[in-house]
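FYI, the working numbering numbers position 330 of the sequence shown as 1021, with every residue one higher than the one before it. Read through the structure below, which is laid out as structure tokens, and then see the notes.
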Amino acid sequence: MKIAVIPGDGIGPEIIRQAYKLLDRVGAKYNIDFEYQEVLMGGVAIDKTGLPLPEETLDICKKSDAVLLGAVGGEKWESLPGHLRPEAGLLAIRKGLGVFANLRPAILFKQLKSASSLKEDVLGDGLDIMVVRELTGGIYFGDRGRRQGKNGQEAWDTEAYSEMEIERVARVAFDIARKRSKRLMSIDKANVLESSRLWREVVIRVAQDYPDVSLSHMYVDNAAMQLVRNPRQFDVIVTSNIFGDILSDEASMLTGSLGMLPSASLGQGSLGLYEPIHGSAPDIAGQDKANPIATIMSVAMMVRYSLGSQEAARAIELAVEAALDEGYRTQDIMEPGMTLVGTEEMGDKIASRI
Ligand code: IPM
Ligand code: MG
């Protein structure tokens, strides 16, 4: 399996090191030959080439079986114009690889119930929500600009969706719902936005091909509230790029920490982009403090979706649970009575349980 690896900025390189540890063990155990090629993207790429996503990086990624990404961004590059910032590289690689469906599972490990920001009685016997976020359209890619107006400068961004873009991500979400509880919640703002009205129409149309899945709709403001009021009502969520960005951060805190959530971005083929949903956390970079679990769980998703090995994916997830069962915690999920470990040690503990 050829994997293009983007360590990126901040804590990126240190969490990616833990991914390698895992993959080495998984490769040995399941007889899989992983071949890595590290490529530049984000701030490091800007420093070395002047561009957040050099052409060579995209080429190598396109020729790989999967792309594993740490994180990009940092204060150092914040004053650059929008299209030259590290985040522009991230958006460009998603677009360039055509990975329009971003799967963000928010799973609460039973070991971390008290790390959740919600009360135990709201969490019941756990949380398992799958957010399917549209990833290559909408306002993050729409027309934008500035102009001089009567009241000083004006700036605009545009939310635009085509039927094709909505339909293909809706199908991914329905397929996932079909394999889970057969419930799908589409989240929009159809009481105000025309793009949301089209979103809803298309999702309802696609639903006709999935009579076994029950579809419901919710406005995004209500969804933000319901997620903290009663998160257990959600199973699979499908939503636009910007709403998915916001709601997935919210969902992550329900699971205890932003440091726990992985993601898989998929397109039409088996090539996928795998990354933790958290950012580059420059404030703790290089201090052996970062939680590598989101990245390790992203590796599990990579093995599942791009390699098709359920068995190896499950082994990684169980190894994470085993390390948590034994009481190992990074600082973000630390609780009294547990054993505080750094990034490297957490990586070692998990890898050794494969
Ligand atoms: C995410 C991040 C990115 C996004 C940023 C860094 C561009 O917040 O993956 O959720 O908005 O998609
Ligand atoms: Mg985000």
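Just so it is clear, CB atoms sit at the ideal spot from N, CA and C, and this is done for glycine as well. All values derive from a computational prediction rather than experimental measurement.
task: Would you check if there are 3 or more beta carbon pairs closer than 8 Å linking the stretch 940–950 to the stretch 959–971?
output: Contact between the stretch 940–950 and the stretch 959–971 is present, with at least three C-beta pairs closer than 8 Å.
- prompt: For THR1030, which residues does DSSP report across the bridge?
  reply: Translated into the one-based positions of the sequence shown, residue 1030 becomes position 339. Beta-bridge pairing by DSSP links THR1030 to TYR1019.
query: Using the C-alpha atoms, what's the distance from LEU809 back to SER954?
result: Residue mapping note: residue 954 aligns to position 263 of the sequence shown, counting from 1. Residue mapping note: residue 809 aligns to position 118 of the sequence shown, counting from 1. Each residue's Cα considered, the two are about 22 Å apart.
query: In terms of DSSP beta bridges, what is LYS693 paired with?
result: Start at 1 with the first residue of the sequence shown, and residue 693 comes out as number 2. Its beta-bridge partners are GLU726.
query: beta strand (DSSP E) containing ARG874: first to last residue?
result: On the sequence shown, position 183 is the one that residue 874 refers to. Unbroken beta strand (DSSP E) run through ARG874: 874–879.
field: ligand 2 site residues, beta-carbon cut 7 Å against heavy atoms
entry: With the cut-off at 7 Å, the residues found are ASP936, SER939, ASP940, ILE968.
- prompt: With respect to 8 Å, is the separation between the Cβ of LEU771 and the closest non-hydrogen atom of ligand 4 below this value?
  reply: Among the ligands modelled here, namely ligand 1 and ligand 2, ligand 4 does not occur.
query: What residues match up with SER907 in a beta bridge as DSSP calls it?
result: Counting from 1 along the sequence shown, the entry for residue 907 is found at position 216. MET876.
field: Contact set for ASP848: own chain, Cβ-Cβ below 7 Å, skip 5 residues either direction
entry: Within the sequence shown, the letter at position 157 stands for residue 848. Only ILE830, GLY833, ARG835 meet the Cβ criterion.
field: Identity of the residue in GLN844, GLU769, VAL994, ASP912 nearest LEU884 by Cα
entry: Taking the first residue of the sequence shown as position 1, residue 884 is located at position 193. Nearest option by C-alpha distance: ASP912.
message: Taking 8 Å as the cut-off, is the beta-carbon of LEU759 closer than that to any non-hydrogen atom of ligand 1?
response: For this step, residue 759 is matched to residue 68 along the sequence shown. No, ligand 1 has no heavy atom inside 8 Å of this Cβ.
message: Here's the rule: buried if 16 or more other CB atoms are within 10 angstroms of the residue's CB, otherwise exposed. What is ASN793?
response: As a first step, residue 793 must be located in the sequence shown, where it is residue number 102. Around the beta-carbon of ASN793, 16 or more other beta-carbon atoms lie within 10 Å, marking it buried.
Close Cβ partners of PHE800 (< 7 Å) along its chain, the five nearest in sequence each way excluded: Position 109 of the sequence shown holds residue 800. Here PHE800 has GLU1012, LEU1015 as same chain residues with Cβ atoms under 7 Å from its own Cβ, once five neighbours each way along the sequence are excluded.
- prompt: Helix, strand or coil for TYR965 per DSSP?
  reply: The residue labelled residue 965 in the question sits at position 274 within the sequence shown. The answer is strand: DSSP assigns TYR965 an E or B state.
message: Please determine whether the Cβ atom of SER905 lies at a distance below 8 Å from any heavy atom of ligand 1.
response: As a working mapping, residue 905 is identified with position 214 in the sequence shown. Not so, every heavy atom of ligand 1 lies at least 8 Å from the Cβ.
- request: Count the other CB atoms, across all protein chains shown, that sit within 10 Å of the CB of GLY765; report buried if there are 16 or more and exposed otherwise.
  value: Against the sequence shown, residue 765 aligns to sequence position 74. With 16 or more Cβ atoms within 10 Å of its Cβ, GLY765 is classed as buried.
query: Are the Cβ atoms of GLY1018 and LYS980 separated by less than 9 Å?
result: Taking the first residue of the sequence shown as 1, we reach residue 1018 at position 327. Taking the first residue of the sequence shown as 1, we reach residue 980 at position 289. For GLY1018 and LYS980, no; Cβs fall outside 9 Å.
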